[in-house]
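Sequential numbering from -13 applies to the sequence shown in our numbering.
Read the structure below first, then the notes.
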Amino acid sequence: MIKYLGRDESGIRKVVLNLFLTGGKFTTGEVYDYLDKGNFEVSYRGVSAMVGLMNTRLGILSINVSGDHNVYSLKENYKNIVGSVLENY
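In structure tokens, the structure reads:
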């Protein structure tokens, strides 16, 4: 996760991880809207790829596919780790 954040030039990954750390459940569209309002220049496809990468490569997100849209949330057992990394990064 530290290497993943180290390649984050704009700070967008840290913002998304902080969003998930709040304990909420978010669709890709909700994450996109949050970032778009936060003055990040993002595309929906880019946000979708970033959230998908966090899910598959980092393995820190839980996914619920029981609806029209995938709903992502931070896995409980990773909250302390993510919080600690973000605090010290």
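Ideal Cβ positions, reconstructed from N, Cα and C, are used throughout, including at glycine.
Since this is a predicted model, take the numbers as computed values, not measurements.
- The criterion of a C-beta distance shorter than 9 angstroms is not satisfied by Ser48 and Gly10.
- In this structure, the beta-carbon distance from Val57 to Val33 does not fall below 9 angstroms.
- With a cutoff of 9 angstroms on beta-carbon distance, Leu7 and Lys65 are scored as near each other.
- Residue pairing from DSSP places Tyr58 in a beta bridge opposite Phe12, Ile49.
- Leaving aside the five residues that flank Gly24 on each side, the residues in its chain whose CB is nearer than 7 angstroms to its CB run, in chain order, Val1.
- Spanning the alpha carbons of Asp19 and Gly53 requires a straight line of approximately 19 angstroms.
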